[in-house]
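Student: Would you mind keeping the following structure in view while I ask a few things?
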Amino acid sequence: MRAMNIKDRVNTIIEHQREVLRGEIEEFEEKLRGTMEYWGCGGPYNRQEEAIERRKKQLDELDDFAMQLNRAKKHETVRMWIFGCRSCGSITMVNRQPFDDWHECPVCRQMVHLNSLPSKEFEIVDTGETWQEQIKRAAEEGNSWQ
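In the working numbering, the protein residues as written are 2 to 147.
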């Protein structure tokens, strides 16, 4: 079996489900015509109409889900400000621009003068671990409320 990323697998499943639903809609439309000819508009006809509407609604939900999946980002863009300490030689990166001209070195505690501090944008791969951590925290907080 060849390797396939998760997005492609889910798209394959969505497409298969679409085909199944379209087939069921066609089948119910044929039954609907036969029911109308034999029984007229009534109980069975209404049930088959409702079944078709449910399938169409499921197709719409699948389309919405596929659109969400295609818009999902794999990377998170982060801006970092970088400065170095002359006394110990360490390089420090912070995710917020320091609000003052001076910043304390986290290694040697010397004050570093920040004139024209450069920044750079990085793309970090979103593995989903952040979401898992937030869910765990929410579960722990939820248990403490009870």
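Ideal Cβ positions, reconstructed from N, Cα and C, are used throughout, including at glycine. Everything numeric in this text was worked out from a predicted model, so none of it was measured.
Provide the residue span of the alpha helix (DSSP H) that contains R55, from first to last.
Tutor: It spans G44 to R72 - the alpha helix (DSSP H) in which R55 sits, taken as one unbroken run.
Student: How about the region 77-97 and the region 15-33: do they share at least three Cβ pairs that are nearer than 8 Å?
Tutor: In the pairwise beta carbon analysis, the region 77-97 is classified as not touching the region 15-33: fewer than three pairs are separated by under 8 Å.
Student: Among L33, G85, L118 and F123, which residue has its Cα nearest to the Cα of V108?
Tutor: G85
Student: Can F29 be considered in contact with the ligand FAD, in the sense that its beta carbon sits closer than 6 Å to one or more heavy atoms?
Tutor: The model depicted lacks the ligand FAD and carries no ligand whatsoever.
Student: Going by DSSP, name the residue or residues bridged to H104.
Tutor: V113
Student: Between K66 and the rest of its own chain, which residues show a CB-CB distance below 8 Å, the 5 nearest in sequence each way excluded?
Tutor: Residue identity check: residue 66 is Phe in the sequence provided, not Lys. Excluding sequence neighbours, F66 sits near I15.
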